[in-house]
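Below you'll find the structure, written out as structure tokens, and then a few comments.
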Amino acid sequence: MIRKGKYAMHNGSEYNFNLLEDKSIRLISHKQADLSQGFKHLDENIYIKNVSVEEVENLFKINTKAKYKGELFPASEERKTGKVLLDTTNTELAKKMGFERTDKYMYSKSVESDEVEIIEERKPYSLD
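Residue numbers (the numbering used here): 106 to 233.
Encoded structure:
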């Protein structure tokens, strides 16, 4: 699974989160087992828990890239196929790598997960 966005460390586990208006944090899980950790069932496979900022150990942002044939590309996961979607605005690189034009300046290519090395870039996230 390719992760992107804001994450918080809570009780030794990493959760995607949203900041609420009252400055508390809504942790988001997709694991039913987290019900035993105080999460509440929200939707089909979504569980949430609101906590204060003081209850989380760490806040960070994840940006995922994929190394494909020696080059780094922004990466995301295609929900329907499970393949890795690579993007670039570099026309020459896109042509060289067999990408298809998907927008005026954007080129994309879907590849199997075993064709790429997934690299998660983590940066501290501040609420300020």
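Note that beta-carbon positions come from the ideal geometry of N, C-alpha and C, so glycine has one too.
If you're wondering where the values come from, they're calculated on a predicted model, not measured in any experiment.
Option in the options with minimal Cα separation from residue i
| i | options | result |
| --- | --- | --- |
| E176 | D148, E205, E217, E222 | E222 |
| K128 | D148, S134, V156, N121 | V156 |
| I151 | K136, S141, E160 | K136 |
Rounded Cβ spacing between residue i and residue j (contact assumed at less than 8 Å)
| i | j | result |
| --- | --- | --- |
| T186 | Y210 | Incorrect: roughly 24 Å between the Cβ atoms, too far for contact. |
| S213 | E220 | Their Cβ separation, rounded to whole angstroms, is 15 Å, which puts S213 and E220 out of contact at 8 Å. |
| I294 | K172 | This structure cannot speak to residue 294, because the chain is shown only from 106 to 233. |
Straight-line Cα distance separating residue j from residue i
| i | j | result |
| --- | --- | --- |
| F144 | K228 | 26 Å |
| T207 | K200 | 13 Å |
| F122 | D139 | 15 Å |
| R131 | F178 | 30 Å |
| K188 | L125 | 33 Å |
Three or more beta-carbon pairs under 8 Å between the stretch 110-118 and the stretch 163-170, yes or no?
yes
Which parts of the stretch 172-216 are runs of the beta strand (DSSP E), unbroken and 3 residues or longer, counting only runs that do not cross its ends?
176-182, 189-193, 212-216
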